[in-house]
Amino acid sequence: MEFQEFREKTALVTGAASGIGLAVARRLADEGATVVVADYDEDGAQLAAGELETAGARTAAVAMDVTNPASVEAGVKFAVDTYGGLDLAVNNAGISGPSAPTGEYELSAWNRVIATNLTGVFHCLRYELPVMAAAGRGAIVNMSSILGTNGFAGSPAYVAAKHGLVGLTKTTALEYADKGVRINAVGPGFIDTPLLRETDNPMRERLVSLHPQGRLGTADEVAGLTLFLLSDSAAFVQGSYHLVDGGYSAQ
Ligand SMILES: NC(=O)c1ccc[n+]([C@@H]2O[C@H](COP(=O)([O-])OP(=O)(O)OC[C@H]3O[C@@H](n4cnc5c(N)ncnc54)[C@H](O)[C@@H]3O)[C@@H](O)[C@H]2O)c1
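Once you know that position 14 of the sequence shown is 14 in this note's numbering, the rest is easy, because the numbers rise by one and skip nothing.
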């Protein structure tokens, strides 16, 4: 165990049925946190919570669609009612959306990606922050991307949403700094998760070549940075955006 303090804490992780969210949920559970596994993939959330429970964690699955504010409100309320509060949140649920230049991008795809990757995180913050502010403590990580500062041709909605998340992170961090709540963003490079497994081989090889380390990242490597930001070791880290990208953004 690296972070003893997590044993006393309840965490909500969205998109925790798969990939980065699942890796974060596993790490938090390993550190003794109570973990609410939230995902709109109900079966996946149940499976993930079952795995954590078998490993000895206090955990529950909630069906949550981050595009629906009532669903997010209910998920946060569940955590508070069941475990007596909410100390940590990782707003991670996201989708990649199709690839097309902006002039040909389907309006419905734009709306879906923004609704999930940007408005979905706003919904989470909207219901997490009052609970944490009332308790006078809390730590939140918003899952952005290297595409929170870099452009990427063919992904206008995803890039706009992830840039927006960086601004939202800074703004909420300013608003809640004096209330004991820290909010930061993580910017992963391309990570080997189911989100990327849809991409064909040539595209995958291109993505690998964009990273100076010559490989994609792992979900566990993103979880490592995320746990640090949630921990008391990061007590003075507020409103900033942290990369875990194998050197992608150093170029
Ligand atoms: N994989 C990468 O290369 C990469 C890089 C940078 C950032 N990210 C970001 O990390 C986050 C997690 O991505 P991942 O790679 O683990 O993807 P993933 O597809 O493996 O997992 C995403 C999870 O989010 C859930 N989800 C999607 N829409 C939802 C909604 N409306 N409500 C609730 N749950 C929903 C899915 O069911 C899934 O379990 C995303 O925000 C993604 O943009 C991923």
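Positions of the beta carbon are idealized from the N, C-alpha and C atoms, including for glycine.
None of the values given here were measured: they were computed from a predicted structure.
Task: Alpha-carbon spacing of residue 14 relative to residue 94, whole angstroms - done: 9 Å
TODO: Consult DSSP for residue 318 and reduce its assignment to one of helix, strand or coil.
DONE: With the chain covering only 1 through 251, there is no way to say anything about residue 318.
TODO: Give a yes or no on contact between the region 174 to 186 and the region 230 to 248, applying the rule of three or more CB pairs nearer than 8 Å.
DONE: yes
Open item on the list: Quick check: the Cα distance between residue 248 and residue 205, rounded to an integer number of angstroms?
Closed with: 15 Å
Open item on the list: At a cut-off of 6 Å, would you count residue 66 as near ligand 1, judging by its Cβ distance to the nearest heavy atom?
Closed with: yes
Task: Contact belief for residue 226 with residue 90 at Cβ below 8 Å, rounded distance in angstroms - done: 6 Å
Open item on the list: Determine whether the beta carbon atoms of residue 97 and residue 76 lie at a separation below 7 Å.
Closed with: no
- [ ] To the nearest angstrom, report how far apart residue 116 and residue 20 are at their CA atoms.
- [x] 16 Å
Task: CB-CB length for residue 215 against residue 208, believed under 8 Å - done: 6 Å
TODO: State yes or no: is the C-beta of residue 145 within less than 7 Å of the C-beta of residue 162?
DONE: yes
- [ ] Over the uninterrupted alpha helix (DSSP H) stretch that includes residue 20, give me the two end residues.
- [x] 19 to 30
TODO: Starting from the C-beta of residue 11, find all residues in its chain whose C-beta is less than 6 Å away, skip the five residues before and the five after it, and write them out in chain order.
DONE: 28, 33, 35, 88
Open item on the list: Check for me: the beta strand (DSSP E) holding residue 92 runs from which residue to which?
Closed with: Residue 92 -> no beta strand (DSSP E), and no H or E assigned at all.
Open item on the list: Taking 6 Å as the cut-off, is the C-beta of residue 246 nearer than that to any heavy atom in ligand 1?
Closed with: no
Open item on the list: If the criterion is Cβ atoms closer than 7 Å, does the pair residue 231 and residue 78 meet it?
Closed with: no
TODO: Report yes if the CB atom of residue 141 is closer than 7 Å to the CB atom of residue 72, and no otherwise.
DONE: no
Open item on the list: On the DSSP letters alone, give me the boundaries of the alpha helix (DSSP H) that residue 132 sits inside.
Closed with: 120 to 135
Task: Contacts around residue 213, its chain only, beta-carbon distance under 8 Å, and the 5 residues preceding and following it disregarded - done: 246, 247
Task: Beta-carbon gap between residue 48 and residue 22 smaller than 7 Å - done: yes
TODO: Mind checking who residue 36 pairs with in its DSSP beta bridge?
DONE: 12, 60
Task: C-alpha distance - residue 62 paired with residue 156, whole-angstrom precision - done: 31 Å
Task: residue 103 versus 133, 153, 43, residue with shortest Cα-Cα distance - done: 153
Open item on the list: Taking 6 Å as the cut-off, is the beta-carbon of residue 254 closer than that to any non-hydrogen atom of ligand 1?
Closed with: In the structure as shown, the chain begins at 1 and stops at 251. Residue 254 is therefore absent and cannot be evaluated.
Task: Exposure of residue 178, with buried meaning 16 or more beta-carbon neighbours within 10 Å - done: exposed
Open item on the list: In the DSSP output, what is residue 242 paired with across the bridge?
Closed with: 186
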